[in-house]
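Asker:
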Amino acid sequence: GDSVTQMEGPVTLSEEAFLTINCTYTATGYPSLFWYVQYPGEGLQLLLKATKADDKGSNKGFEATYRKETTSFHLEKGSVQVSDSAVYFCALTPFSSGSARQLTFGSGTQLTVLP
Amino acid sequence: DTGVSQNPRHKITKRGQNVTFRCDPISEHNRLYWYRQTLGQGPEFLTYFQNEAQLEKSRLLSDRFSAERPKGSFSTLEIQRTEQGDSAMYLCASSPTGTSGGADWFFGPGTRLTVL
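Just so you know, the sequences run in chain order A and B.
The first sequence begins at 573 in the numbering used here and counts up by one.
The second sequence begins at 98 in the numbering used here and counts up by one.
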């Protein structure tokens, strides 16, 4: 079945440092890929998405590129802020003719940014 | 509309008791999903409704679990004879019909269940 593997955390960085959180996936066909963020006490929020190979999703300074050849969707940010401290989840939905019914998530990566 | 709401936010119960959680989706959303998230893990799919019809259930949803969505509005998730292994965060999400993938999913804040 489909699966998502994320780099293990926790990750601790100083403010303005460069962030990479690795994500690789296993899926048949051409899944859509997502990064979700979960701030303390809040629900999961969509951070960015990519629906086909070589697409780059971006939002709030975060970026991720859909790499079919390496089945990866790594999350990057050039300069993190304390407010970026959260848990980040990589996820996918399978390609289908209709709407996908399930999101498959990775295990999450806890990011802490120190001032 | 303030998004997806879930009640209660926290529930502590003793092993063997029954518990029920409620999810109120965004009002115009036809689709509703339940997920379970244990500590240090990503959310795992439990079940999915389109309007009032429960269209898909995970193997994780044992016979002790039942979910309903009467009239296609709010949904309830009941766990009977709770076990300590049921301790987790239970997440609800909703989306409108016709969306592609998970891009238009909105998650609630979750209900944290602790079984003593």
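We put the CB at the ideal spot given by N, CA and C, even for glycine.
Since this is a predicted model, take the numbers as computed values, not measurements.
(1) Starting from the C-beta of residue 575 (chain A), find all residues in its chain whose C-beta is less than 6 Å away, skip the five residues before and the five after it, and write them out in chain order.
(2) What does residue 678 (chain A) reach in chain B if we use C-beta pairs closer than 7 Å?
(3) Which chain A residues are close to residue 162 (chain B), counting only those with a beta carbon under 7 Å from its beta carbon?
(4) Please list the partners that residue 118 (chain B) has in chain D, where partner means a Cβ-to-Cβ separation under 7 Å.
(5) Could you say if the stretch 104–111 of chain B and the stretch 158–174 of chain B meet the contact criterion of at least three C-beta pairs nearer than 8 Å?
(6) Under three-state DSSP, which class holds residue 654 (chain A)?
(7) Which word fits residue 109 (chain B), buried or exposed, when buried means at least 16 other C-beta atoms lie within 10 angstroms of its C-beta?
(8) Using 8 Å as the threshold, is the stretch 636–650 of chain A in touch with the stretch 601–613 of chain A, meaning 3 or more CB pairs across them?
(9) Among A:618, A:635 and A:652, which has the Cα closest to the Cα of residue 626 (chain A)?
(10) Which same chain residues, not among the five before or five after residue 596 (chain A), have their C-beta less than 6 Å away from its C-beta?
(11) Would you say residue 683 (chain A) lies against chain B (beta-carbon separation less than 8 Å)?
(12) Less than 8 Å between CB atoms is the rule here; does residue 122 (chain B) satisfy it with respect to chain A?
(13) Taking beta-carbon pairs under 9 Å, can you tell me which members of the stretch 617–651 of chain A lie near chain B?
(14) At the 8 Å Cβ level, is residue 182 (chain B) part of the contact set with chain A, yes or no?
(15) Of all Cβ atoms in chain A, is any one closer than 8 Å to the Cβ of residue 205 (chain B)?
Answerer: In brief:
(1) Start at 1 with the first residue of the first sequence, and residue 575 (chain A) comes out as number 3. The residues 598, in chain order, have a CB closer than 6 Å to that of residue 575 (chain A) in the same chain once the five nearest residues on each side in sequence are set aside.
(2) On the first sequence, residue 678 (chain A) is found 106 positions in, with the first residue counted as 1. Neighbours of residue 678 (chain A) on chain B, chain order: 139.
(3) Position 65 of the second sequence holds residue 162 (chain B). By Cβ distance, chain A contributes nothing, its closest Cβ being about 17 Å from residue 162 (chain B), past 7 Å.
(4) Included in the structure are the protein chains A and B, with no chain D among them.
(5) no
(6) Numbered from 1 along the first sequence, position 82 holds the residue referred to as residue 654 (chain A). In the structure shown, residue 654 (chain A) adopts helical secondary structure according to DSSP, grouped into three states.
(7) Counted from its first residue, the second sequence places residue 109 (chain B) at position 12. Residue 109 (chain B) should be labelled exposed.
(8) yes
(9) Stepping through the first sequence from its first residue, residue 626 (chain A) is reached at position 54. The shortest C-alpha separation from residue 626 (chain A) is found at A:635.
(10) Within the first sequence, the letter at position 24 stands for residue 596 (chain A). Cβ within range, chain order: 577, 643 and 644.
(11) The residue you call residue 683 (chain A) lines up with position 111 of the first sequence. Residue 683 (chain A) does not count as touching chain B.
(12) Counted from its first residue, the second sequence places residue 122 (chain B) at position 25. No, no contact with chain A.
(13) 617, 618, 621 and 623
(14) Position 85 of the second sequence, counting from 1, holds the residue named residue 182 (chain B). Judged by the 8 Å Cβ criterion, residue 182 (chain B) is not in contact with chain A.
(15) Counted from its first residue, the second sequence places residue 205 (chain B) at position 108. The beta-carbon of residue 205 (chain B) is placed less than 8 Å from the nearest beta-carbon of chain A.
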